[in-house]
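186 is the number that this note's numbering gives to position 161 of the sequence shown; each next residue is one higher, with no gaps. For each residue, glycine too, the CB sits at the ideal point set by N, CA and C. No experiment lies behind these values; they were computed from the predicted model shown.
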Amino acid sequence: MVYSADSSILAHLTKVSSTDTDYRYMAVNDLAQDIKNRPVCTASFDTAPKVIQAIRTLLNDSNGEVQTVTILNLPILARVLPQSAQTELAQVLSANWDEAESPTADHSRLIQEGLNTPFREVQGFALKTFLTDLLPEAPAARNIIQQLLPLTIQRLANLVKVYQSGITPQSSAPLRTEHVAEALDLLSLQSTRFRPHVREFLTESPTYGTIFRSGLWTLLTSPHRVPARGRAQFLLASLLPLLTDGDRQPLLDDLKCLLESATASGSKSASLPATEHYLALFQVLCRHCPALMAIYLPILFPM
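As structure tokens, then:
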């Protein structure tokens, strides 16, 4: 039997709005503990939006300890939400990505509107915590990945454009290396934990598969020092089996050409850093896809 937790939840939510930091901190813990003590409970459709708004408010709290305790208890708080409300929570945790990191964004306006504020700093941590606890077979998982994956892919594409264009706005919150690493981590989490849903989306929306591949490839082949290159290598390896043939084969062909160029005897482009980088990429790919050994070993060790 599903227990309606409305009365208890509403009582705790009243405490969450307190002006006292310690009171808000304790209210989050008390609410999470109350939910844990009731094995099967759910909020009604009327109460669920209030829970989501409370989570957003707590993540935007001026006190770091309140933010941290909210993130740590987020899986418990999310479990009390109906399936549709869990999807809405994912929307809250991924809000404003596509605009805030666009190379054409008006960053001064974004700051004024709160899109590039400290709230965005905790969004990634909260979302990763939420996805890590979400079961791949959960009824809401497919809808969440279907809405989240294109946002995350577009976020990576926007960040790549920013680095390519050299835009580093001095008067606004800078687009830091951590943003690239966070986008790669979120894509890796989705690609490894929710593989069937990711494969389904990339098959039905091949354009995003192409954007995904192109963004990763740009990071991996940049002649400049690229942030989170190791993360990009791992993500590319986990992504390969999920791509359609139309996106997978060009990527493998490109890698083959790069390896041939980097290892060619007397090649001017065969610099030691480049060779080491492509060998590292080759190693990661073959660890995840052993069949690639037959393709690339003859290039590295010609008879």
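{"query": "Report the option in 164, 218, 73 and 116 whose CA atom is closest to the CA atom of residue 151.", "result": "116"}
{"query": "From the DSSP output, in three-state form, read off residue 67 for me.", "result": "strand"}
{"query": "Measure from the alpha carbon of residue 69 to the alpha carbon of each residue in 179, 49, 109 and 80, then state which is nearest.", "result": "109"}
{"query": "Using a 10 Å radius around the Cβ and a threshold of 16 neighbouring Cβ atoms, would you call residue 90 buried or exposed?", "result": "exposed"}
{"query": "List the whole-angstrom C-beta distance separating residue 209 from residue 174, where the pair is believed to meet the contact cut-off of C-beta under 8 Å.", "result": "Not quite, the Cβ-Cβ distance comes to about 14 Å (not below 8 Å), so this is no contact."}
{"query": "In chain order, what residues of the same chain lie with their CB nearer than 6 Å to the CB of residue 181, ignoring the 5 residues before and after it?", "result": "208 and 240"}
{"query": "Output the boundary residues of the alpha helix (DSSP H) element that contains residue 95.", "result": "89-104"}
{"query": "Should residue 147 and residue 106 be called a contact, given that it needs their Cβ atoms to be closer than 8 Å?", "result": "no"}
{"query": "Since I believe residue 100 is in contact with residue 59 (beta carbons under 8 Å), could you give me their beta-carbon distance rounded to a whole number of angstroms?", "result": "Actually they do not touch by this definition, with Cβ atoms about 15 Å apart."}
{"query": "Taking Cβ to Cβ, would you say residue 310 is nearer than 8 Å to residue 262?", "result": "yes"}
{"query": "Work out the CA separation of residue 277 and residue 258 for me, nearest whole Å.", "result": "13 Å"}
{"query": "By Cβ distance, which residues of its chain are closer than 6 Å to residue 95, with the 5 residues on each side in sequence left out?", "result": "53, 83 and 84"}
{"query": "Please determine, among 119, 56, 220 and 256, the residue with the shortest C-alpha to C-alpha distance to residue 38.", "result": "56"}
{"query": "Is the shortest distance between the beta-carbon of residue 280 and the beta-carbons of chain C less than 8 Å?", "result": "In the structure shown, chain C does not exist; there is a single protein chain."}
{"query": "What are the boundary residues of the alpha helix (DSSP H) that includes residue 316?", "result": "Run containing residue 316: none; DSSP gives neither H nor E here."}
{"query": "Measure the alpha-carbon distance for residue 103 versus residue 244 and round it to whole angstroms.", "result": "34 Å"}
{"query": "Which of helix, strand or coil does DSSP assign to residue 310?", "result": "helix"}
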